[in-house]
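A.B. asks: Please find one structure pasted underneath; my questions will follow.
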Amino acid sequence: MPKSNIAEWRAKKSEGEWKELPSGLRVRVKKLSLLQMVCAGSIPTSLATQADDLLRKSMSPKDAILKYLDVMRHHAIAAIQEPRVVPADQTPADGEISIAELDTDDLLAVFNWLNTSPATLLSFLETAPT
Numbered sequence: 001m002p003k004s005n006i007a008e009w010r011a012k013k014s015e016g017e018w019k020e021l022p023s024g025l026r027v028r029v030k031k032l033s034l035l036q037m038v039c040a041g042s043i044p045t046s047l048a049t050q051a052d053d054l055l056r057k058s059m060s061p062k063d064a065i066l067k068y069l070d071v072m073r074h075h076a077i078a079a080i081q082e083p084r085v086v087p088a089d090q091t092p093a094d095g096e097i098s099i100a101e102l103d104t105d106d107l108l109a110v111f112n113w114l115n116t117s118p119a120t121l122l123s124f125l126e127t128a129p130t
């Protein structure tokens, strides 16, 4: 039986993983789902309803990105650890980027990597051994 990978799991969980975005930018992303952010109260009140809708509804990526772009931007700012991502109204320092520099393909890639759809999760829970 293989040994547990607890140390590796903890490191990946706390430090994140390097991913290459569709634009070619390499980022270190910490696994932080939208559901985790909603539960922790780290989504601004003005975006909470949109975040809740996004978690509950199944829609095409195009519809989701158009309707929930602000939620995805906020999510990307929180999840991308390197380079540091700053809000669009801030000027990035050396080694930082503005969220406005990430195009919709990049935002969608981050969002899709970070989130498991509720339908997929429900399917997993229904078939998981008890």
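Heads up: the sequence shown at position 17 corresponds to 17 in my numbering, and the numbers run straight through without jumps.
Built from N, CA and C at the ideal position, the CB exists for glycine as well.
#1: Hey, is the region 83-103 in contact with the region 21-34, meaning 3+ C-beta pairs nearer than 8 Å?
#2: Leaving aside the five residues before and after A88 along the sequence, list all residues of the same chain whose C-beta is less than 8 Å from its C-beta, in chain order.
#3: Helix, strand or coil for S98, going by three-state DSSP, please let me know.
#4: Which term fits A109, buried or exposed, when burial requires 16 or more other beta carbons within 10 angstroms of its beta carbon?
#5: Going straight from the alpha carbon of K13 to that of N115, what length do you get?
#6: Report the CB separation of L102 from A76 in whole angstroms; it is logged as a contact under 8 Å.
#7: Where in the region 4-49 do unbroken runs of the beta strand (DSSP E), each at least 3 residues long, occur, reported from the N-terminal end onward?
#8: Should A40 go down as buried or exposed, given a rule of 16 or more other Cβ atoms within 10 Å for buried?
#9: Assuming K30 contacts Q90 (C-beta within less than 8 Å), just tell me the rounded distance between them.
#10: At the level of alpha carbons, what is the spacing between D106 and E20?
C.D. replies: Looking at the coordinates:
#1: These segments touch.
#2: Taking the sequence shown and counting its residues from 1, the one referred to as residue 88 is at position 88. Hits under 8 Å: R73, S98, I99 and A100.
#3: For the purposes of this step, residue 98 is taken as residue 98 along the sequence shown, with counting starting at 1. In the structure shown, S98 sits in a strand (DSSP, three-state: E or B).
#4: On the sequence shown, position 109 is the one that residue 109 refers to. Under the 10 Å beta carbon count, A109 is surrounded by 16 or more other beta carbons and is classified as buried.
#5: As a first step, residue 13 is located in the sequence shown; it is residue number 13 there, counting from the start. As a first step, residue 115 is located in the sequence shown; it is residue number 115 there, counting from the start. Cα-Cα distance, rounded: 14 Å.
#6: Residue 102 sits at position 102 when you count from the first residue of the sequence shown. Residue 76 sits at position 76 when you count from the first residue of the sequence shown. At roughly 6 Å, the Cβ-Cβ gap stays under 8 Å, so L102 and A76 are in contact.
#7: Runs found: 17-20 and 26-29.
#8: Indexing the sequence shown from 1 puts residue 40 at position 40. So A40 ends up on the exposed side.
#9: As a working mapping, residue 30 is identified with position 30 in the sequence shown. As a working mapping, residue 90 is identified with position 90 in the sequence shown. 20 Å between Cβ atoms; not a contact.
#10: In the sequence shown, counting from the first residue as 1, residue 106 sits at position 106. In the sequence shown, counting from the first residue as 1, residue 20 sits at position 20. Near 9 Å, if we compare the C-alpha coordinates of E20 and D106.
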